[in-house]
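Here is the structure we will look at, set down as structure tokens.
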Amino acid sequence: MILTLSHPTAICNGKLQITGSKSESNRLLLLQALFSGFTIDNASESDDSRVMQVALKSDSEVIDVHHAGTAMRFLTAYFAHLEGREVLLTGSQRMQERPVKILVEALQLLGASIRYEKEEGYPPLRIHGKKLKGGRVTLPANISSQYISALLLIGPVLEEGIQMDLIGKITSLPYINMTLALLESLGVESNFEGQTIRVEPQKKPKRIPQIVESDWSSASYFFSVVALADQSEIYLTSYKKHSLQGDSVLREIYRELGVASSIEEETLKLKKAIVDLPEVLHWDLSKAPDIAQTIAVTCYGLGIGCKLTGLHTLKIKETDRLQALYNELTKLGARIKITKDSLELTSGSNFIANCSVPTYNDHRMAMAFAPLALKIPLTIEDAEVVSKSYPSFWDDLEQINFKINHR
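Just so we're aligned, residue -7 is where the sequence shown starts under the working numbering, counting upward by one.
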């Protein structure tokens, strides 16, 4: 699906219901499979969460997660502990290029039976489920937090629980804290002190309903819309003042970019504000790397520079996101430099209209670039990729008067 985008007025007003957090939903779905007995409300409608749901209920010998990286990591740990179950856990071609060796080796230290079907260190994985005792593992701290969360989530059902010693600077800390908070909501005891995390075994978790907060990553695109619009007031539901999601740092970041935000009765209000924009926005995104694309595109649209750091995990996402940003922003007229863990955009916009932006099988490329249609007409290729996290994204843009044509 190829879409051409524009906006006739650069005025965006409306109220939207954002799907539940993919990160919270996938963690709760796994815990629900391990413990059962509790319901999940406002679960994510994303492809990734649907893949998780299908996989957890499937009795097939082959489990295909397609592009769903979270599902690959979480299900590796889940099936490793599912006694008597043998599965081949696989995914798309890109998924088979995304490393999983650190997680596999940690599970093997706990007694798991996992082997690589093709290239060592990468999916597909042949998993023979067996009852794992648990115990102590050591992991580098600068890896994807999904490896760490995958192990923590199965900790309560391990006979000895799990103790994890993290070496070095911890990446995406809010996602680890999210995992521990969701475990705690079910009555699981844990301790996170310094570089050590301990999750205790739990035989009788609390059976209480779990309500998923709406997704802050999905909200990021509307922060960008408000920043780039001439006039805008957008209401998003359902959000909490004290969020488990690291991407809620958006409120602080976008305050510098002219977006005033407030939360009342679980409604997030975004409003265009007049501010003196920084010449260069500096931000360490090691705790919220998923919003880097959105911020970089917003800064380009505003004509200001940015220096974003802490981005080392972006190279192993759905695509090499740093390279993809470099390719597409350069095409649009930006001056940009990237390293293995940073992005630097020079201030001053030289917009080249009617460019076609490929999405690299990456939902965030499509959605991060879409708000630029407030400034210049552009085309988004393979636009259906947004279903990975936000299936109604294009419909929601039309609700705030974006003009979208299919080609």
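Backbone N, C-alpha and C define an ideal beta-carbon position, used for all residues, glycine too.
Just so it is clear, the structure is predicted and the values come from calculations on it, not from any experiment.
In terms of residue numbering, what span does the alpha helix (DSSP H) encompassing residue i cover?
i      : result
PRO132 : PRO132 -> not in any alpha helix (DSSP H); beta strand (DSSP E) instead, spanning 127 to 132.
LEU314 : 313 to 324
ARG42  : 39 to 49
ASP276 : Taken as a continuous stretch (DSSP letters only), ASP276 belongs to no alpha helix (DSSP H), being part of the beta strand (DSSP E) at 272 to 276.
LYS14  : 14 to 27
GLY297 : From DSSP, GLY297 is part of no alpha helix (DSSP H) but of the beta strand (DSSP E) over 297 to 301.
GLY293 : 284 to 294
SER430 : Since the first and last residues shown for the chain are -7 and 399, residue 430 lies out of range.
ILE396 : Careful: ILE396 lies outside any alpha helix (DSSP H), inside the beta strand (DSSP E) at 395 to 398.
At what residues does the beta strand (DSSP E) containing residue i begin and finish?
i       : result
LEU190  : Looking at the sequence shown, residue 190 is not Leu but Arg. Element bounds for ARG190: 188 to 191.
THR371  : 370 to 372
ASP354  : Looking at the DSSP string, ASP354 is not in any beta strand (DSSP E), and its letter there is neither H nor E.
TYR108  : 105 to 108
ASP157  : 154 to 159
THR259  : 259 to 264
ILE3    : 3 to 9
LEU145  : No beta strand (DSSP E) holds LEU145; the alpha helix (DSSP H) holding it covers 137 to 146.
ASN169  : First-last for ASN169: 165 to 177, but that is the alpha helix (DSSP H), not the beta strand (DSSP E).
PHE184  : 182 to 185
SER334  : 334 to 337
ARG441  : Examination of residue 441 is not possible in this model, given that the chain is present from -7 through 399 alone.
THR(-4) : -5 to -2
VAL54   : 54 to 56
LYS329  : 328 to 330
Could you check how far apart the C-beta atoms of residue i and residue j are, in whole angstroms? I think they sit under 8 Å.
i       : j      : result
LEU20   : VAL204 : 7 Å
VAL188  : GLN155 : According to the sequence displayed, residue 188 carries Thr and not Val. Contact flag correct, Cβ pair sits at about 7 Å.
TYR231  : SER210 : Going by Cβ atoms, the distance from TYR231 to SER210 rounds to 11 Å, so no, they are not a contact pair.
PRO72   : LEU99  : First, the residue type needs correcting, since residue 72 is Ala and not Pro in the sequence shown. Contact holds; Cβ gap of about 5 Å.
LEU117  : VAL96  : 7 Å
SER38   : LYS380 : 6 Å
ILE226  : GLY6   : 6 Å
LEU145  : LEU269 : Actually they do not touch by this definition, with Cβ atoms about 41 Å apart.
LEU(-3) : GLN391 : Wrong, their Cβ atoms sit about 14 Å apart, outside the cutoff.
GLU53   : GLU78  : 7 Å
LEU294  : LEU370 : That belief does not hold up - the Cβ atoms of LEU294 and LEU370 are roughly 16 Å apart, past 8 Å.
HIS(-1) : LYS395 : 6 Å
GLU151  : LYS122 : Not a contact, Cβ separation roughly 12 Å.
Drop a sphere of 10 angstroms on the beta-carbon of residue i, count the other beta-carbons inside from all chains shown, and report buried for 16 or more, exposed for fewer.
i       : result
THR290  : buried
ASP387  : exposed
ILE372  : buried
LEU364  : buried
HIS355  : buried
THR62   : buried
ILE162  : buried
ARG199  : exposed
GLU310  : buried
LYS264  : buried
ILE(-6) : exposed
THR286  : buried
GLN45   : buried
ILE328  : buried
PRO115  : buried
LYS110  : exposed
HIS234  : exposed
ASP33   : exposed
SER41   : buried
ILE344  : exposed
GLY186  : exposed
ILE140  : buried
GLN400  : The chain is shown only over -7 to 399; residue 400 falls outside these bounds and no answer can be derived.
So is the beta-carbon of residue i under 7 Å away from any non-hydrogen atom of the ligand NAP?
i     : result
GLN24 : The ligand NAP is not among the ligands present in this structure, which contains no ligands whatsoever.
Would you verify that the beta carbon of residue i is, or is not, closer than 8 Å to some beta carbon of chain D?
i      : result
ILE119 : The displayed structure is made up of one protein chain only, and chain D is not part of it.
- beta strand (DSSP E) segments (min. 3 residues) lying fully within the stretch 60 to 103: Taking only runs of at least 3 residues, the beta strand (DSSP E) segments lying wholly in the stretch 60 to 103 are 78 to 82.
- Item | Contact between the stretch 231 to 245 and the stretch 3 to 17 (3+ Cβ pairs under 8 Å) | yes
- Query: Would the stretch 176 to 184 and the stretch 321 to 331 be scored as touching if the rule is three or more Cβ pairs under 8 Å?
  - Reply: no
- Decide yes or no for the touch test of the stretch 90 to 98 against the stretch 44 to 52: beta carbon pairs closer than 8 Å, at least 3 of them. Touching, no.
- Message: Could you check whether the stretch 270 to 280 touches the stretch 295 to 307, counting it as contact only if at least three pairs of C-beta atoms, one from each stretch, sit closer than 8 Å?
- Response: yes
- Message: If we require 3 or more residues per run, which beta strand (DSSP E) segments fall completely within the stretch 190 to 252?
- Response: 223 to 229
- For the stretch 157 to 172 against the stretch 133 to 141, are there 3 or more C-beta pairs whose distance is under 8 Å? yes
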